[in-house]
Each structure stands twice: as structure tokens, then as C-alpha cells.
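> The following block contains the structure, expressed as C-alpha cells.
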Amino acid sequence: MIETYDCTGDAISPRPGGDIGDQTIWIDLVNPTAEEEALVEKALGIDVPTREEMREIEHSSRLYSEDGAHFMTASVLYGIDGPEPQTTDITFILAANRLVTVRYIEPKAFALLKARAKKPRSGCETAPRLLMGLLEAIIDREADMIERIQAEIGKLAHTIFEMRGGALTRQRRFEVVLKQIGRGGEVTTRARESMQSLQRLLVHFAQESITPKSDKDLRNRLKTATRDVQSLNDHLGFMTTRAEFLLDATLGLI
Numbered sequence: 503m504i505e506t507y508d509c510t511g512d513a514i515s516p517r518p519g520g521d522i523g524d525q526t527i528w529i530d531l532v533n534p535t536a537e538e539e540a541l542v543e544k545a546l547g548i549d550v551p552t553r554e555e556m557r558e559i560e561h562s563s564r565l566y567s568e569d570g571a572h573f574m575t576a577s578v579l580y581g582i583d584g585p586e587p588q589t590t591d592i593t594f595i596l597a598a599n600r601l602v603t604v605r606y607i608e609p610k611a612f613a614l615l616k617a618r619a620k621k622p623r624s625g626c627e628t629a630p631r632l633l634m635g636l637l638e639a640i641i642d643r644e645a646d647m648i649e650r651i652q653a654e655i656g657k658l659a660h661t662i663f664e665m666r667g668g669a670l671t672r673q674r675r676f677e678v679v680l681k682q683i684g685r686g687g688e689v690t691t692r693a694r695e696s697m698q699s700l701q702r703l704l705v706h707f708a709q710e711s712i713t714p715k716s717d718k719d720l721r722n723r724l725k726t727a728t729r730d731v732q733s734l735n736d737h738l739g740f741m742t743t744r745a746e747f748l749l750d751a752t753l754g755l756i
């Protein structure tokens, strides 16, 4: 599927049929077909990375510039409101004041940004600003999930050290707790992977060739987002250590 959006003043509006016009600022490719990829490649003179290429782990394959376009791929959490959040790779391309996004899932951050960017004074007058708004929405969503996992780990600590009942009852409850600790550790690991990926992307995005010094507002937003991601990444490190402590404590009490 291909969705395209024009920039009208300081807001975006969808184009019918996914056409690419002179005012098109955002091309959103969702599970794109070969024909849709070819359409974008011809219009912008770029090579849209395949799903296999997006999965490459080398930094040089995820953050690079080619033929005047800038390609940035990050691991993003999705299914945040569900019981088992996962990560997926999303590619962001800046080319000729257009943003191209390539994705294979529907993270809520995209819907939130589209709704906000359709309103006046949304701060989406340029492709880099539109990308910044999207990254901010992604970071905000992941921060909400991190807060939720932190609360769950806090409840586990209380459960472990206030365990009541006979030996058999305690055994069964500890088994449940072990599974919950394992889930919390797995989700925390995925969140750290995403935060580290976003951190690298923001550093690349901040290059002068992509984000000019003249756009002070955008550069300030970039600095704020970078600090937020660093803070969240540090906090995830603390949460990992706490989960490991709770695991050791639980095993010692069994």
C-alpha cells in the first residue's frame, strides 16, 4: 500500500490514489508491492531498500547517504499496548524535501503523527521536520511502555518479598513470578535494542548535510530527543539490573 501526503501551508493532507505530486512531502509505503516501490524509485531517483536489506545489522547498511538521499533504518517497538511487544525495522528516507517511510507493520505512532500533522501549525513544513515529528511520536510511545514495565517490575518485587502460604503454594507462585520476570527481561531487552537504534539514527540525522544549522528549532528538537533517548536507555539499564536481582532473589527463595 502507498499513501502520499501534500504539504499545504503548515499541515499535511492526503492525496487520492497514492499519487506523487509536486507538493507531496510524505510517501508512506506499507507492505509495498514491487510496482509501488518502482513508482517511488522512478519519481525520486532512489533505490528503495528491500525488506531483507532493512534487516541488515551493520551500521553502514542502516545509516547511509546515496545520490543525494539519506537512508536511516531503526528498530521500532510495536504492539506496545499488547502483552508481547515486538520490534520491527522501519526505514526513513529523506530525498528532495520528501520523506519516504518503508514499513511492514502499523505502529500507533504513525497514526498519531498523521492526525496531528493534518492540523495547522503542526511543525511539519519540511520533510526533516516531519521526520522529527514522527521520531518524537515513536519515542513518546516507547517511553510509555517503559514506564509500564517499570511499574510491573516494582509489583513483582513486592510479590517476591511478601510471598505467603505453604511450601506448595509458594512454589507455584514463584513459578508464575519467574515467568513474569522472564517476560519483563525480554521486553526490556527489546526496548534497549530499539533505543540504541534510535540513538544512532538521531546522531546520523543531526549531521549538517541532513539538518542545516539554519533550522534552529529542528536542531533543538533533535537535541531534546537525543537526551530523552539517552535517559531512557540509561533507565532501561537500571531496569535490567533490577530484573536480574529479582531473578536471583526468586531462585534463592525457591
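The number in our numbering is simply the position in the sequence shown, starting from 1, with 502 added.
Glycine included, C-beta positions come from ideal geometry on N, C-alpha and C.
(1) Look up Q525 in the DSSP assignment and say whether it is helix, strand or coil.
(2) For my contact list, A513 and A639 are in at a C-beta cut-off of 8 angstroms; report their separation, rounded to the angstrom.
(3) Please state whether DSSP places V602 in a helix, a strand or coil.
(4) Can you list, in chain order, the residues of its chain with a C-beta nearer than 7 angstroms to that of E654? Leave out the 5 residues immediately preceding and following it.
(5) Is any beta-carbon of chain C found at less than 9 angstroms from that of R723?
(6) Under the three-state reduction of DSSP, which class applies to D583: helix, strand or coil?
(7) What does a CB cutoff of less than 7 angstroms around Q682 pick up in its chain, not counting 5 residues either side in sequence?
(8) Determine the burial state of E644: buried for a count of at least 16 other Cβ atoms within 10 Å of its Cβ, exposed for fewer.
(9) Classify S577 as helix, strand or coil using the three-state DSSP reduction.
(10) Can you tell me whether K616 is buried or exposed? The criterion is at least 16 other CB atoms within 10 Å of its CB, across all chains shown.
(11) Within a Cβ cutoff of 8 angstroms, which residues of the same chain sit near R744, ignoring the five residues on either side of it in sequence?
(12) Do the CB positions of L738 and I648 come within less than 9 angstroms of each other?
(13) Is DSSP giving V731 helix, strand or coil here?
(14) Below 9 angstroms between beta carbons: does that hold for A613 and G547?
(15) State the Cα-Cα distance for the pair T506 and P622, rounded to the nearest angstrom.
(16) Using a Cβ-Cβ cutoff of less than 7 angstroms, which residues in the same chain neighbour R631 once the five nearest sequence positions on both sides are dropped?
(17) Can you tell me whether F707 is buried or exposed, with buried defined as 16 or more other CB within 10 angstroms of its CB?
(18) A619 lies in the alpha helix (DSSP H); which residues open and close that run?
(19) Are the stretch 553-573 and the stretch 581-596 touching, with three or more C-beta to C-beta distances below 8 angstroms?
(20) Give the single residue among N722, A629, G519, G684 whose Cα lies nearest to the Cα of L748.
(21) Kindly indicate the opening and closing residues of the beta strand (DSSP E) around E543.
(22) Exposed or buried, which one is D569 when buried takes at least 16 other CB atoms within 10 Å?
From the atom records:
(1) For this step, residue 525 is matched to residue 23 along the sequence shown. The three-state reading of DSSP puts Q525 in coil, since its state is none of H, G, I, E or B.
(2) Taking the first residue of the sequence shown as 1, we reach residue 513 at position 11. Taking the first residue of the sequence shown as 1, we reach residue 639 at position 137. Taking a contact as a CB-CB distance under 8 angstroms, the pair A513 and A639 does not count as one, their CB atoms being some 16 angstroms apart.
(3) Residue mapping note: residue 602 aligns to position 100 of the sequence shown, counting from 1. In this structure, V602 counts as strand in the three-state DSSP scheme.
(4) What you label residue 654 is simply residue 152 of the sequence shown in a count that begins at 1. Result list for E654: G686, in chain order.
(5) No chain C is present in this structure, which holds just one protein chain.
(6) Start at 1 with the first residue of the sequence shown, and residue 583 comes out as number 81. Coil.
(7) Here the question's residue 682 lines up with position 180 in the sequence shown. Around Q682, the same chain offers L658 as residues with beta carbons nearer than 7 angstroms, after the five sequence neighbours per side are excluded.
(8) By 1-based counting over the sequence shown, the position of residue 644 is 142. Of the residues assessed, E644 falls on the buried side of the cut-off, its CB having 16 or more other CB atoms within 10 angstroms.
(9) On the sequence shown, position 75 is the one that residue 577 refers to. Looking at S577 - three-state DSSP - the assignment turns out to be strand.
(10) The residue given as residue 616 occupies position 114 in the sequence shown. It counts as buried.
(11) Walking along the sequence shown from the start, residue 744 turns up at place 242. Exclusion of the five residues before and after R744 leaves I655, A659 as the residues of its chain whose Cβ lies within less than 8 angstroms of its Cβ.
(12) As a first step, residue 738 is located in the sequence shown; it is residue number 236 there, counting from the start. As a first step, residue 648 is located in the sequence shown; it is residue number 146 there, counting from the start. At the C-beta level, L738 and I648 come within 9 angstroms of one another.
(13) Taking the sequence shown and counting its residues from 1, one reaches residue 731 at position 229. Annotated three-state conformation of V731 is helix, per DSSP.
(14) For the purposes of this step, residue 613 is taken as residue 111 along the sequence shown, with counting starting at 1. For the purposes of this step, residue 547 is taken as residue 45 along the sequence shown, with counting starting at 1. Against a cut-off of 9 angstroms, the Cβ pair of G547 and A613 comes out as no contact.
(15) The count along the sequence shown starts at 1 and reaches residue 506 at position 4. The count along the sequence shown starts at 1 and reaches residue 622 at position 120. Rounded to the nearest whole angstrom, the C-alpha separation of T506 and P622 is 18 angstroms.
(16) For this step, residue 631 is matched to residue 129 along the sequence shown. The beta carbon of R631 sits closer than 7 angstroms to the beta carbons of G625, L720 from its chain, once the five residues preceding and following it are set aside; these are given in chain order.
(17) The residue labelled residue 707 in the question sits at position 205 within the sequence shown. Its Cβ being crowded by 16 or more others within 10 Å, F707 is buried.
(18) Here residue 619 refers to the residue found at position 117 when the sequence shown is read from its first residue. Residues 610-619.
(19) Judged by Cβ distances under 8 angstroms, the stretch 553-573 makes contact with the stretch 581-596, as three or more pairs qualify.
(20) If you number the sequence shown from 1, residue 748 lands on position 246. It is G684.
(21) Taking the sequence shown and counting its residues from 1, the one referred to as residue 543 is at position 41. Careful: E543 lies outside any beta strand (DSSP E), inside the alpha helix (DSSP H) at 536-546.
(22) As a position in the sequence shown, residue 569 is number 67, starting the count at 1. D569 should be labelled exposed.
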